[in-house]
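Asks: Numbering (the working numbering), first residue to last: 1 to 404.
Glycine residues also receive a C-beta, built at the ideal position from the N, C-alpha and C atoms.
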Amino acid sequence: MKLLIKKGNILTPFREITGGGLLIKGGVISEVLETEQDMCKAESNLMAAQEDSKIIDAGGNYIAPGFIDIHTHGAGGHDFMDGTVEAILEAARAHMRHGTTSLVPTTLTSSLEDLFKTLDNFKKAGEYQDGPELLGIHLEGPYFSMEQRGAQDPRFIKNPDREEYMKILDYSKDIIRWTVAPELEGALAMGRELKNRGVLPSIGHSNAIYEDVQRAFENGFTHVTHLYSGMSMVRRINAYRYAGVVESAFLIDDMTVEIIADGKHLPQSLLKLIYKIKGPDRICLVTDSMRAAGMPDGEYILGSLKSGQEAIVEEGVAKLPDRSAFAGSVATADRLVKTMVEIACVPLIDAVRMMTSTPARIIGVADRKGALVPGKDADIIVFDERINIKTVITRGTVRFQLPE
1 MKLLIKKGNI LTPFREITGG GLLIKGGVIS EVLETEQDMC KAESNLMAAQ
51 EDSKIIDAGG NYIAPGFIDI HTHGAGGHDF MDGTVEAILE AARAHMRHGT
101 TSLVPTTLTS SLEDLFKTLD NFKKAGEYQD GPELLGIHLE GPYFSMEQRG
151 AQDPRFIKNP DREEYMKILD YSKDIIRWTV APELEGALAM GRELKNRGVL
201 PSIGHSNAIY EDVQRAFENG FTHVTHLYSG MSMVRRINAY RYAGVVESAF
251 LIDDMTVEII ADGKHLPQSL LKLIYKIKGP DRICLVTDSM RAAGMPDGEY
301 ILGSLKSGQE AIVEEGVAKL PDRSAFAGSV ATADRLVKTM VEIACVPLID
351 AVRMMTSTPA RIIGVADRKG ALVPGKDADI IVFDERINIK TVITRGTVRF
401 QLPE
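As structure tokens, then:
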């Protein structure tokens with residue numbers, strides 16, 4: 001099938017093309033149409049060919065790559081660890097309605113039984129093609145600092161166990177990312193093993209100091225999970241000040257970071273600071289959403305329905321019942337972009353880049369996703385100036401479209 005999207009403002013996301021369009025063939029982008037003449041010619045050829053085709057008029061709205069969320073636990077009332085294929089698919093579809101065309105389902109610290117069940121269901125879910133592409137799975141835990149555990153279940157937190165993590169890695173080839181506290185005994189060796197297997201080692205729920213983070217970076221840990229959440233900052237040890245994970249992420253130029261830009265986890269000042277220091281090519285936006293994303297306030301379960309923890313959502317914020325810590329977010333990707341534009345005062349094109357090309361590069365799929373250029377997957381969204389999603393296209397097929 002051929003698809004023509006016309007009369008939109010294209011965010012590639014490295015430049016803006018006013019009044020442009022896209023021609024899609026076979027699920028990939030065939031041409032970027034930069035002039036009215038190019039669009040007229042493409043439309044005429046499409047109609048003359050009398051092939052199976054569709055034309056979408058963007059009506060002056062923005063045309064951008066589909067959003068890529070590399071850290072999400074669920075949405076729409078479902079968690080990726082609920083134990084069913086349907087839960088994975090429904091959570092992914094809920095995110096799709098908010099512009100996400102690719103995502104990385106993420107686990108929570110849990111029993112091995114629950115983890116292996118999730119890996120099995122993820123493999124089965126990947127056989128379906130009617131929603132966002134499931135790029136791979138992100139394991140968050142259980143090798144964390146107890147002091148920085150946040151909402152992670154303390155029953156399962158431990159130091160890296162080589163026999164255990166090798167068993168997990170051998171069990172599933174779908175694991176593409178693993179968050180670990182690098183200061184723990186055995187963590188650096190684990191980082192090297194992950195890197196050798198093409199899995200992204202990421203720093204998170206960590207009480208490390210700068211020297212730990214520097215060694216971790218040298219051993220493959222090139223990314224920081226949800227910056228500022230569940231990690232050390234500058235502190236005194238025996239009266240001397242030591243930089244924590246946050247300051248280390250700023251200091252190491254090539255370290256990439258992700259932020260939960262929901263307007264709740266980080267205030268305007270910190271969003272601006274992170275953007276000022278790291279820039280749009282080293283920041284990706286993530287939802288870190290739990291099952292309540294896209295749902296009303298109320299009581300929910302964080303993690304699997306069978307063995308997860310209770311959480312409460314009040315005024316759009318997910319917390320543990322004692323309100324001692326956040327319990328993920330209830331954000332969707334469109335909200336992240338909107339927050340960066342309206343609260344952090346970031347240019348729209350940079351906010352889109354942090355939700356598209358930057359996560360694509362971090363997670364290793366930039367060869368086929370994250371930008372509107374010929375040859376890449378036709379994962380495309382159309383949205384208005386308030387970041388309201390109008391159309392979602394995955395691999396050249398229209399999956400969601402608001403009525404005119």
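Just to confirm, is the Cβ distance from L103 to T84 under 8 angstroms?
Replies: Here residue 103 refers to the residue found at position 103 of the sequence shown. Here residue 84 refers to the residue found at position 84 of the sequence shown. For L103 and T84, no; Cβs fall outside 8 angstroms.
Asks: Please state the DSSP three-state secondary structure of R162.
Replies: Counted from its first residue, the sequence shown places residue 162 at position 162. Three-state DSSP puts R162 in a helix.
Asks: Taking the beta carbon of M81 as the centre, do at least 16 other beta carbons fall within 10 Å, making it buried, or is it exposed?
Replies: Here the question's residue 81 lines up with position 81 in the sequence shown. M81 comes out buried.
Asks: What residues in its chain sit with their C-beta under 8 angstroms from that of A371, if we drop five residues either side in the sequence?
Replies: In the sequence shown, the residue the question calls residue 371 occupies position 371. Contacts found: T12, P13, F14, P65, T356, S357, A360.
Asks: What residue range is occupied by the uninterrupted beta strand (DSSP E) comprising K54?
Replies: As a first step, residue 54 must be located in the sequence shown, where it is residue number 54. It spans 53-57 - the beta strand (DSSP E) in which K54 sits, taken as one unbroken run.
Asks: Please identify the residue among P201, G20, V28 whose C-alpha is closest to the C-alpha of K41.
Replies: As a position in the sequence shown, residue 41 is number 41, starting the count at 1. Per the Cα distances, G20.
Asks: Tell me the rounded alpha-carbon separation between T106 and T118.
Replies: Numbered from its first residue, the sequence shown carries residue 106 at position 106. Numbered from its first residue, the sequence shown carries residue 118 at position 118. Between T106 and T118, the C-alpha separation is close to 10 angstroms.
Asks: Is the number of C-beta pairs between the segment 295-306 and the segment 380-391 that are closer than 8 angstroms three or more?
Replies: Contact fails: fewer than three Cβ-Cβ distances are below 8 angstroms.
Asks: With DSSP collapsed to three states, give me the class of N9.
Replies: One-based indexing of the sequence shown puts residue 9 at position 9. It is a strand residue.
Asks: Rounded to whole angstroms, what's the CA-CA distance from I492 to N9? Just pull it up for me.
Replies: Outside the shown range of the chain, which is 1 to 404, sits residue 492, and nothing can be said about it.
Asks: Indicate whether the contact test is met: 3 or more Cβ pairs, each with one atom in the segment 114-130 and one in the segment 144-153, closer than 8 angstroms.
Replies: With a cut-off of 8 angstroms, the segment 144-153 and the segment 114-130 do not count as touching, because too few Cβ pairs lie within range.
Asks: How would you label A189, buried or exposed, when you count the other beta carbons within 10 angstroms and need 16 or more for buried?
Replies: Taking the sequence shown and counting its residues from 1, the one referred to as residue 189 is at position 189. It counts as exposed.
Asks: Check for me: the alpha helix (DSSP H) holding G310 runs from which residue to which?
Replies: Taking the sequence shown and counting its residues from 1, the one referred to as residue 310 is at position 310. Inspection of the sequence shows that residue 310 is occupied by Glu rather than by Gly. Where E310 is concerned, there is no enclosing alpha helix (DSSP H), although the beta strand (DSSP E) it sits in stretches over 309-314.
Asks: Check whether the Cβ atoms of P142 and W178 lie closer than 8 angstroms to each other.
Replies: Along the sequence shown, one-based indexing puts residue 142 at 142. Along the sequence shown, one-based indexing puts residue 178 at 178. No; because the gap between Cβ atoms is not below 8 angstroms, this pair is not in contact.
Asks: Which class does L169 belong to by DSSP, given the choice of helix, strand or coil?
Replies: For the purposes of this step, residue 169 is taken as residue 169 along the sequence shown, with counting starting at 1. Helix, per DSSP.
Asks: Sorted by chain position, which residues of the same chain lie with C-beta nearer than 7 angstroms to Y171's C-beta, five sequence neighbours on each side aside?
Replies: Numbered from its first residue, the sequence shown carries residue 171 at position 171. Excluding residues within five positions, the ones whose Cβ falls inside 7 angstroms are F116, L119.
Asks: Since H98 and A261 are thought to touch, with beta carbons under 8 angstroms apart, how far apart are those beta carbons, to the nearest angstrom?
Replies: As a working note, residue 98 is residue 98 in the sequence shown. As a working note, residue 261 is residue 261 in the sequence shown. Actually they do not touch by this definition, with Cβ atoms about 14 angstroms apart.
Asks: With C-beta atoms as the reference, is A366 less than 8 angstroms away from L271?
Replies: Along the sequence shown, read from residue 1 onward, the residue named residue 366 stands at position 366. Along the sequence shown, read from residue 1 onward, the residue named residue 271 stands at position 271. No, they are not a contact pair.
Asks: Please return the same chain residues whose Cβ sits closer than 6 angstroms to the Cβ of M354, not counting the five positions on each side in sequence.
Replies: By 1-based counting over the sequence shown, the position of residue 354 is 354. Taken in chain order, the residues that qualify are P280, I283, C284, L285.
Asks: Hey, how far is the Cα of F217 from the Cα of H226?
Replies: As a position in the sequence shown, residue 217 is number 217, starting the count at 1. As a position in the sequence shown, residue 226 is number 226, starting the count at 1. Straight-line Cα distance between these residues: approximately 17 angstroms.
Asks: Please state the DSSP three-state secondary structure of Y143.
Replies: Along the sequence shown, read from residue 1 onward, the residue named residue 143 stands at position 143. In the structure shown, Y143 sits in coil (DSSP, three-state: anything other than H, G, I, E or B).
Asks: Taking C-alpha atoms, which residue in Q214, L184, V224, G230 lies nearest to Q152?
Replies: Within the sequence shown, residue 152 is the residue found at index 152, counting from 1. For the residues Q214, L184, V224, G230, the minimum Cα distance to Q152 belongs to G230.
Asks: Report the option in T397, L402, I389 whose CA atom is closest to the CA atom of I63.
Replies: For the purposes of this step, residue 63 is taken as the residue at position 63 of the sequence shown. Checked all of T397, L402, I389; the closest Cα to I63 is I389.
Asks: By the DSSP assignment, the alpha helix (DSSP H) with T118 in it spans what residues?
Replies: By one-based count along the sequence shown, residue 118 stands at place 118. Its alpha helix (DSSP H) spans residues 112-125.
Asks: Runs of 3 residues minimum, wholly inside the segment 230-275: which ones carry the beta strand (DSSP E) assignment?
Replies: Listed in chain order, the complete beta strand (DSSP E) runs (minimum 3 residues) inside the segment 230-275 are 235-237, 240-242, 256-259.
Asks: Under 6 angstroms Cβ to Cβ from V352, same chain only, skipping five residues before and after it: list those, please.
Replies: Taking the first residue of the sequence shown as 1, we reach residue 352 at position 352. Hits under 6 angstroms: L11, P13, A64.
Asks: Under 8 angstroms, do P212 and E183 count as touching if we go by C-beta distance?
Replies: Numbered from 1 along the sequence shown, position 212 holds the residue referred to as residue 212. Numbered from 1 along the sequence shown, position 183 holds the residue referred to as residue 183. Pro is not the amino acid found at residue 212; the sequence shown has Asp there. Cβ atoms of D212 and E183: closer than 8 angstroms.
Asks: Does the beta-carbon distance from G209 to A243 come in below 8 angstroms?
Replies: Locating residue 209 in the sequence shown gives position 209, where the first residue counts as 1. Locating residue 243 in the sequence shown gives position 243, where the first residue counts as 1. Note on identity: in this sequence residue 209 is Ile, with Gly being the wrong assignment. In this structure, A243 lies closer than 8 angstroms to I209 by Cβ.
Asks: Which residue comes first and which comes last in the alpha helix (DSSP H) that contains C40?
Replies: Residue numbering aside, residue 40 sits at position 40 when the sequence shown is read from its first letter. That run of the alpha helix (DSSP H) goes 36-49.
Asks: Mark G298 as exposed unless 16 or more other C-beta atoms lie within 10 angstroms of its C-beta, in which case mark it buried.
Replies: Taking the first residue of the sequence shown as 1, we reach residue 298 at position 298. Result: exposed.
Asks: Looking at the unbroken beta strand (DSSP E) that takes in G21, where does it start and where does it end?
Replies: In the sequence shown, counting from the first residue as 1, residue 21 sits at position 21. First-last of the beta strand (DSSP E) with G21: 16-25.
Asks: Output the distance between the C-alpha atoms of G396 and I24, rounded to the nearest integer angstrom.
Replies: Mapped onto the sequence shown, residue 396 falls at position 396. Mapped onto the sequence shown, residue 24 falls at position 24. Approximately 6 angstroms, taken between the alpha carbons.
Asks: Looking at the strands, I want to know which residues DSSP matches up with P374.
Replies: Along the sequence shown, read from residue 1 onward, the residue named residue 374 stands at position 374. Answer is none; P374 lacks a bridge partner.
Asks: Could you please give me the residues that DSSP links to T397 through a beta bridge?
Replies: The residue given as residue 397 occupies position 397 in the sequence shown. Per DSSP, T394.
Asks: Classify V341: buried if its beta carbon has 16 or more other beta carbons within 10 angstroms, exposed otherwise.
Replies: The residue labelled residue 341 in the question sits at position 341 within the sequence shown. By the 10 Å Cβ count, V341 comes out buried.
Asks: Between R192, R236, M233, which lies nearest to T222 when the distance is taken from Cα to Cα?
Replies: On the sequence shown, position 222 is the one that residue 222 refers to. The residue with the shortest Cα to Cα distance from T222 is R192.
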